[in-house]
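S.K.:
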Amino acid sequence: MRYDTKARRGQADTATDALARGLGWFSIALGLVELTAPRALTRALGMRGKERLVQAYGAREIATGVALLAAKDPTPYVWGRVGGDALDIATLATGLEGKNPKKDNVWLALAAVGGVTAVDFYCAQALSRESRQPLPPPRDYANRRGFPRPPEEMRGAASDFVLPMDFRNEPEALRYQH
Amino acid sequence: MKALVWHGTTDVRCEEVPDPKIEQPRDAIIKVTSCAICGSDLHLYDHFMPGMQSGDILGHEAMGEVVEVGPESKHALKVGDRVVIPFTIICGECDQCKRGNFSVCERTNRNKEIAAKAFGHTTAGLFGYTHLTGGYAGGQAEYLRVPYADKTHIKVPSGISDEKLLFLSDIFPTGWQAAAQCDIQPTDTVAIWGAGPVGQMAIRSAILLGAKQVVCIDRVPERLAMAAAGGAITINFDEESVIERLNQLTAGKGPEKCIDCVGLEAHATSSIDAMYDRAKQAMMLETDRPHVLREMIYVCRPAGVLSIPGVYGGLLDKIPLGASMNKGLTWRMGQTHVNRWSDDLLRRIEEGQIDPSFVITHVAGLEDGPDLYRVFRDKEDGCIKVVLKP
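Keeping their order, the protein sequence lines are chains A and B.
Residues in the first sequence are numbered consecutively from 1, following my numbering.
Residues in the second sequence are numbered consecutively from 1001, following my numbering.
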């Protein structure tokens, strides 16, 4: 599946699109874990009692992921992921309060979410930077050779060039003799 | 006079500034007839290079007519001379200049201490290119003060257009030096990353110097078309694996010579290392994005040469030096020793062996400069090279 880049922006950036699609699948996978195993997550993080919240976040992740994969333009949904990341970080930060014995795990989770946030932010920025205006057809530079004759006939035309000694790399015995 | 003035990240304005004056006995003033925006100006535009100050005049590719000459340059220049100004300011007398290493002239950087702190030693003064390299006013202006003008010039004849000669100031000798320092042999495959202006010049130089195959790697269709017109086999890195294709073109051995015409703002987005660089750069943990360097080290044939005309500014991360060391690669890099090559290249232009104006895609007045910086940076409208006429 490909995004409708031609309608959306002038120059398709397939690599950023691929990243956005990857984030969509990641969203769905994480959402499924949050939806089906909230207790394991809250236990590991010392945040028992927040299972419903985790499941709600799981539903949010799945919805964002599906939207990312289904949309013609992923940009708003990747920004949506950035917003979701901020929510995740704020929620995780509450796990650092008081005498939570699993604070180490919370720090690990924060580091992981931080890394994902950086990728989300980069992807969203890259998508937003792209021009909204479709470009005109590419200019034709097929005649811009810069040589008086076809390149094949110009190959080696500067054989009179004497390379200074301090620029030489090839062993003398292997050098081509003009 | 009017000039293009840097005020901050992506903030370039065309505004009135005081006319330059003779400040030192070796100075000259030229009336600029043509100047260009260089790919490395974009590193300043995007503020990836440190050492810029609001109010700096940009530009290091300029040519024009001498209108005033200081007393100690009169033996070499006179009013009315037509000159191209190399981007490196040279004294012609220090140990490095005597060896032809003009880009590391020991005298012309008037901010030597800053450069020495950043790089260990000073490098040459450059026009319009940060206070690390002297903070000299640049040539995207109606007039330009040329320090050490008796040496810092290339006299050019009348009867040849500005467009054919202007690039002697930088991109033509830069592409030439990039190819020359590969010591190209007729059996060599030369792989060139980046089909911008320097990449285009490097392609033509490698062809003239007799490379068996020249391969160019980029993703912008019109740039790849121009590269192909110059004789390169092209690889669109968005559509195919660079490493697989280069190995396929070289019977699995890799190219003997690799040239990085991209530098610190590599735009690869699909590889893990490129995403890593973006994330680190966003967190101010890395200054440059060296994706091309990593790819060159990996794909280059053992005992091959890496030639690096692309500009790097600071600290780079995760460079596979182990691979480079064990493969015995030779690294050649640096700013261009323009005057070392300029006589030879001028002769080749005069003889019609090459016409560097092929690369120009946009010609405009100085007042259009700020907009064209953006167009060039964003590769819009098929923009490859902008020439401005003050």
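Using N, Cα and C, we set each Cβ at its ideal position, and we do this for glycine too.
#1: Leaving out five residues before and five after residue 1074 (chain B) in sequence, what residues of the same chain have Cβ atoms less than 6 angstroms from its Cβ?
#2: With C-beta atoms as the reference, is residue 1218 (chain B) less than 8 angstroms away from residue 1252 (chain B)?
#3: Please name the residue or residues paired with residue 167 (chain A) in a DSSP beta bridge.
#4: So, does the CB of residue 43 (chain A) fall closer than 8 angstroms to a CB anywhere in chain B?
#5: Is DSSP giving residue 1394 (chain B) helix, strand or coil here?
#6: Assuming residue 1243 (chain B) is part of the beta strand (DSSP E), what are its boundary residues?
#7: Please confirm if residue 148 (chain A) has its CB atom under 8 angstroms from at least one CB of chain B.
#8: Three-state secondary structure (DSSP) at residue 1292 (chain B)?
#9: Say whether chain A places a C-beta atom closer than 8 angstroms to the C-beta of residue 1305 (chain B).
#10: Across which residues does DSSP place residue 1260 (chain B) in a beta bridge pair?
#11: For residue 113 (chain A), go through chain B and note every residue whose CB falls closer than 7 angstroms to its CB, in chain order.
#12: In whole angstroms, what separates the C-alpha of residue 1065 (chain B) from that of residue 1151 (chain B)?
#13: Pull out every residue of the region 1238-1261 of chain B whose Cβ sits closer than 7 angstroms to any Cβ of chain A, in chain order.
#14: Below 9 angstroms on C-beta distance, what does residue 20 (chain A) contact in chain B?
#15: Exposed or buried, which one is residue 1070 (chain B) when buried takes at least 16 other CB atoms within 10 Å?
#16: Consult DSSP for residue 1415 (chain B) and reduce its assignment to one of helix, strand or coil.
#17: In angstroms, rounded to a whole number, what distance separates the CA positions of residue 66 (chain A) and residue 24 (chain A)?
#18: Would you kindly check if the distance between the Cβ of residue 1360 (chain B) and the Cβ of residue 1389 (chain B) is under 8 angstroms?
#19: When you check each C-beta in the region 53-81 of chain A against every C-beta of chain B, which residues fall closer than 7 angstroms?
#20: Measure how close the beta-carbons of residue 1001 (chain B) and residue 1162 (chain B) come, nearest whole angstrom, since I'm counting them as under 8 angstroms.
#21: Looking at C-alpha atoms only, which residue of A:51, A:55 and A:122 is the closest neighbour of residue 1277 (chain B)?
#22: Which of the residues in the region 1174-1188 of chain B, read from start to end, lie with their CB under 7 angstroms from any CB of chain A?
#23: How big is the Cα-Cα spacing for residue 1294 (chain B) and residue 1180 (chain B)?
#24: At what residues does the beta strand (DSSP E) containing residue 1034 (chain B) begin and finish?
#25: Going by DSSP, which residues form a beta bridge with residue 1125 (chain B)?
#26: Residue 41 (chain A): buried (16+ other C-beta within 10 angstroms of its C-beta) or exposed?
#27: Terminal residues of the continuous alpha helix (DSSP H) containing residue 1236 (chain B)?
#28: Return no unless some Cβ of chain A is closer than 8 angstroms to the Cβ of residue 1366 (chain B).
M.R.: Quick look at the numbers:
#1: Cβ-Cβ distances below 6 angstroms link residue 1074 (chain B) to nothing in the same chain once the five nearest sequence neighbours on each side are left out.
#2: Contact annotation: residue 1218 (chain B) and residue 1252 (chain B) have beta-carbon atoms that are not nearer than 8 angstroms.
#3: Answer by DSSP bridge pairing: none, since residue 167 (chain A) is not bridged.
#4: Closer than 8 angstroms: no.
#5: The shown model of chain B, from 1001 to 1390, leaves out residue 1394 (chain B), and the question about it has no answer.
#6: No beta strand (DSSP E) contains residue 1243 (chain B), which is instead part of the alpha helix (DSSP H) from 1242-1249.
#7: By this cut-off, residue 148 (chain A) is an interface position.
#8: Looking at residue 1292 (chain B) - three-state DSSP - the assignment turns out to be helix.
#9: Chain A contact via Cβ: present.
#10: Answer is B:1193.
#11: Within 7 angstroms Cβ-Cβ: nothing; residue 113 (chain A) doesn't reach chain B, min ~14 angstroms.
#12: Between residue 1065 (chain B) and residue 1151 (chain B), the alpha-carbon positions lie close to 16 angstroms from each other.
#13: Flagged, chain order: 1238.
#14: Per Cβ cutoff of 9 angstroms: no residues; residue 20 (chain A) is ~11 angstroms from chain B at best.
#15: It is buried - the Cβ of residue 1070 (chain B) has at least 16 other Cβ atoms within 10 Å.
#16: Residue 1415 (chain B) is absent from the model: chain B starts at 1001 and stops at 1390.
#17: Distance from the CA atom of residue 66 (chain A) to the CA atom of residue 24 (chain A), rounded to whole angstroms, is 7 angstroms.
#18: Their beta carbons are not under 8 angstroms apart, which means residue 1389 (chain B) does not touch residue 1360 (chain B) by this criterion.
#19: Those residues of the region 53-81 of chain A that come within reach of chain B (Cβ to Cβ, closer than 7 angstroms) do not exist; the list is empty.
#20: About 19 angstroms separates the two Cβ atoms, so there is no contact after all.
#21: Sorting A:51, A:55 and A:122 by C-alpha distance to the C-alpha of residue 1277 (chain B) places A:122 at the top.
#22: So the close ones are 1180, 1181, 1183, 1185 and 1186.
#23: Each residue's alpha carbon lies about 22 angstroms from the other.
#24: It spans 1028-1037 - the beta strand (DSSP E) in which residue 1034 (chain B) sits, taken as one unbroken run.
#25: Its beta-bridge partners are B:1089.
#26: That one is buried.
#27: First-last for residue 1236 (chain B): 1233-1236, but that is the beta strand (DSSP E), not the alpha helix (DSSP H).
#28: At a cut-off of 8 angstroms between beta carbons, residue 1366 (chain B) makes no contact with chain A.
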